[in-house]
């Protein structure tokens, strides 16, 4: 028995359809069916994100206290996965006195021999290291290289430490 005949028999038994109705349905299914094929198919390719662009620059000078905002655009007809906006900490170098060295929750740490506020994401650390490589190297001066009044203060401080250690 053909699959089509079995389907009609099932309809006949289950729904109490007359033989005339079944013959009509059977004749109808023998007719050719016109299928429309569209001539132009829309181009549904995968969408992708543009590069990140800074829209708000860092709002603090140091201590990981500030953040900067980046945006990107979805290119294509379909929606992209992920966020179009991101916010990152910036200026992770430590602040000078009298400001706190780092803003909470960040702590003082060493990155490539320089003090910074962290821990940070890898891309923030990479930007910090790149910034270090572009600035001229600064080295600490020894007390003998400092002006005489500063050297004098250093020697007084050393004397005080010595006296303090004797008293204790």
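Residue numbers (the numbering used here): 98 to 265.
All C-beta atoms, glycine included, are put in the ideal place defined by N, C-alpha and C.
Taking 7 Å as the cut-off, the Cβ atoms of residue 160 and residue 187 do not count as close. In this chain, residue 154 is not harboured by any beta strand (DSSP E), its DSSP state being neither H nor E.
DSSP, read as helix, strand or coil, puts residue 148 in coil. Annotation for residue 223: no beta strand (DSSP E) segment contains it, though the alpha helix (DSSP H) segment containing it runs 219-231.
By the C-beta density criterion, residue 227 is exposed, having fewer than 16 other C-beta atoms within 10 angstroms. Look at residue 191 here: in three-state DSSP terms it is coil, with no helix or strand label. The shortest C-alpha to C-alpha distance from residue 213 to any of 202, 194, 189 is the one to 189. Residue pairing of residue 204 in beta bridges, as defined by DSSP: 215.
Assigned with DSSP and collapsed to three states, residue 160 falls in coil, not helix or strand. A direct Cα-Cα distance of roughly 8 Å separates residue 198 from residue 204. With respect to the C-alpha of residue 181, the residue from 149, 191, 154 having the closest C-alpha is 149. Cβ contact annotation for residue 179 (same chain, cutoff 8 Å, sequence separation greater than five): 146, in chain order. Beta-bridge annotation (DSSP): residue 184 is paired with 166.
Under DSSP, residue 171 takes part in a beta bridge, and its partners are 146. In summary, residue 191 is buried, with 16 or more beta-carbon neighbours lying within 10 Å of its beta-carbon over all protein chains present. Distances from the CA of residue 173 to each of 143, 218, 162, 202 were compared; the closest alpha carbon is that of 143. Apart from sequence neighbours up to five positions away, the residues of its chain that approach residue 156 with a beta-carbon distance below 6 Å are 163, ordered along the chain.
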